[in-house]
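Protein chains: 2
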Amino acid sequence: MANRLMDALGIKGYRVTLERSIITDSLQKVEPHFTAEGLYRFLQKRRSRVSLATIYRTLSALTQMRLIKKFDFGEGTYRYELNITNGNKDTHHHHLVCVKCGKLIDFESDFFPQLNHLAEKLSQEHRFIIIDHELTLFGYCKQCASD
Amino acid sequence: MANRLMDALGIKGYRVTLERSIITDSLQKVEPHFTAEGLYRFLQKRRSRVSLATIYRTLSALTQMRLIKKFDFGEGTYRYELNITNGNKDTHHHHLVCVKCGKLIDFESDFFPQLNHLAEKLSQEHRFIIIDHELTLFGYCKQCASD
DNA sequence: ATTCTATTGAAAATTATTTTCAGTAAAGGG
DNA sequence: CCCTTTACTGAAAATAATTTTCAATAGAAT
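In the order they appear, the protein sequences are chains A and B.
All the letters of the first sequence, read from the start, carry residue numbers 27 to 173 under the numbering used here.
All the letters of the second sequence, read from the start, carry residue numbers 27 to 173 under the numbering used here.
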């Protein structure tokens with residue numbers, strides 16, 4: 027029951043270990059915006075025990091390969107998200123963050139034509155090969171707006 | 027020779043201290059994407075000595091007031107930028123980051139009509155009051171693309 | 001099976017940032 | 001202008017997420 031993330035690690039030359047399989051399997055099941063610590067607790071409750079060090083190491087490898095994304099929403103710890111297309115459904119999305127309570131909302135945008143155009147322009151102008159992007163909007167959520 | 031940032035702090039009820047004046051004055055002169063540590067060293071070389079603790083405290087206040095912006099470009103430390111309009115010139119811009127060497131390029135985009143439209147849509151949909159946004163593109167710079 | 005070496009867990013280290021605390025200095029009333 | 005109040009500062013200690021070290025283990029290849 028190999029999974030796509032594990033396959034990708036294998037292709038990159040990483041060894042296929044039990045710990046990495048546990049971690050990559052769990053990424054589909056844990057909360058969508060998870061922290062290293064949160065994943066650690068999730069695994070403790072369920073399958074097996076994987077050390078935090080190994081979790082950090084695996085998340086780091088997956089991040090470098092761009093299979094997951096690492097975000098800083100100002101909480102003092104990073105949150106991670108899967109960055110793979112799920113079947114034929116593109117999981118690409120952006121974030122709306124409440125600057126007061128930290129509430130996080132995902133949104134999709136139909137923005138990509140413009141972004142692609144922008145990426146192309148910048149590509150030429152600065153000789154950059156653009157591979158990804160992030161858009162984050164900040165504001166006050168319904169709750170926090172009332173004061 | 028009060029400056030706008032100091033004025034803003036004063037209005038918010040912060041005391042007008044020598045240290046805060048030194049810091050807010052220097053933000054116009056230090057490198058545009060500065061770190062707390064970098065600002066500290068900048069001040070050591072020039073005017074006066076302000077402690078790192080005070081620098082962190084002041085940057086934190088300015089960030090909360092949205093007079094500066096705090097970015098995580100994956101270096102293990104934050105970078106800050108002024109977030110005020112400079113005369114009649116809007117300093118708003120976005121970032122292009124090399125995922126390999128960390129090279130950072132600012133760019134402006136003529137993107138805002140679409141962004142405003144998006145913001146409005148999300149505002150209604152999620153009852154958010156949107157006050158700011160960040161767009162970051164990731165890729166490989168000219169140097170790093172060759173391998 | 002054996003060898004080689006990447007990987008793991010536990011503990012120690014790292015390091016940016018925050019907090020503590022005693023001394024200092026704004027701000028405002030008299 | 002002096003006095004009182006209390007926010008502010010610097011230095012040092014604390015915090016806490018993440019990384020590294022290191023000895024033991026287990027993939028992978030021959």
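Glycine included, every Cβ here is placed at the ideal spot set by N, Cα and C.
Quick caveat, the model's predicted, so the values are computed rather than measured.
Rounded to a whole number of angstroms, what is the C-alpha to C-alpha distance between A/L93 and A/D33? Approximately 11 Å, taken between the alpha carbons.
contact_flag[the stretch 75-91 of chain B, the stretch 78-89 of chain A] where n(CB pairs < 8 Å) is 3 or more: Flag = no, the stretch 75-91 of chain B and the stretch 78-89 of chain A do not touch.
Reference A/K129, options A/H143, A/T162 and A/S47, closest by Cα: Comparing Cα positions, the closest option is A/T162.
When burial is assigned at 16 or more other CB atoms within 10 Å of the CB, is B/G165 buried or exposed? The Cβ neighbour count for B/G165, taken over all protein chains shown within 10 Å, is at least 16; the residue is labelled buried.
Whether A/F137 touches B/L148 by CB criterion (8 Å): Cβ atoms of A/F137 and B/L148: not closer than 8 Å.
DSSP state of B/R153 mapped onto helix, strand, coil: Taken through DSSP and simplified to helix, strand or coil, B/R153 comes out as coil.
According to DSSP, which residues form a beta bridge with B/R105? Bridge pairing for B/R105: B/F97 [DSSP].
Suppose you measure from the CA of B/K71 to the CA of B/S52; what does that come to, to the nearest Å? One C-alpha to the other measures close to 12 Å.
Note the first and the last residue of the continuous beta strand (DSSP E) segment covering A/C127. It is not in any beta strand (DSSP E) - A/C127 carries neither H nor E in the DSSP assignment.
Taking the alpha helix (DSSP H) that B/S52 belongs to, which residues open and close that run? Counting along the chain, the alpha helix (DSSP H) containing B/S52 begins and ends at L44 to S52.
Just confirm the distance between the C-beta atoms of A/H159 and A/L141, as a whole number of angstroms; I'd bet it's less than 8 Å. Between A/H159 and A/L141 the beta-carbon gap is near 6 Å, inside 8 Å, which marks them as a contact.
Using the Cβ count rule (16 or more neighbours within 10 Å means buried), how would you classify B/C167? So B/C167 ends up on the buried side.
For A/F137, does the three-state DSSP call read helix, strand or coil? Reduced to three states, the DSSP call for A/F137 is coil.
Report the residue from B/L35, B/S135 and B/H121 whose alpha carbon sits nearest the alpha carbon of B/S86. The candidate whose alpha carbon is nearest that of B/S86 is B/L35.
So what's B/T162 in DSSP terms, helix, strand or just coil? If DSSP states are grouped into helix, strand and coil, B/T162 belongs with the strands.
Closer than 9 Å by beta-carbon distance: list the chain A residues that pair up with B/Y82, in chain order. Near B/Y82 there are no residues of chain A at all, since even the closest Cβ is about 14 Å away, more than 9 Å.
If we cut at 8 Å on Cβ distances, does A/T162 have a partner in chain B? Taking Cβ atoms only, chain B reaches closer than 8 Å to A/T162, which makes this a yes.
Return no unless some Cβ of chain A is closer than 8 Å to the Cβ of B/M27. In this prediction, B/M27 scores a pLDDT of 43, lower than 50, which makes its location untrustworthy; no coordinate-derived value is stated.
Helix, strand or coil at B/H118 [DSSP, three-state]: Here B/H118 sits in coil by DSSP.
Just reading off the alpha helix (DSSP H) that A/R67 is part of, what are its end residues? First-last of the alpha helix (DSSP H) with A/R67: A62 to K71.
Local Cβ density within 10 Å of B/R46, reported as buried at 16 or more and exposed below that: Flag for B/R46 reads buried.
Under 7 Å Cβ to Cβ from B/G102, same chain only, skipping five residues before and after it: list those, please. None.
8 Å Cβ cutoff, B/F138 in contact with chain A: No, because no Cβ of chain A sits closer than 8 Å to the Cβ of B/F138.
Is B/Y106 closer than 8 Å to B/D98 when the C-beta atoms are compared? Against a cut-off of 8 Å, the Cβ pair of B/Y106 and B/D98 comes out as no contact.
8 Å Cβ cutoff, A/K126 in contact with chain B: Chain B, which has no Cβ nearer than 8 Å to the Cβ of A/K126, makes this no.
So, at 6 Å on beta carbons, what are the nonlocal neighbours of B/M27 in its own chain, with the 5 sequence-adjacent residues on each side left out? Residue confidence is low: B/M27 scores 43 on pLDDT, short of 50, so the model does not pin down where it sits. Its coordinate-derived value is still stated next. By the criterion of a C-beta distance shorter than 6 Å, B/M27 is surrounded by no residue of its chain, once the five residues flanking it on both sides are discounted.
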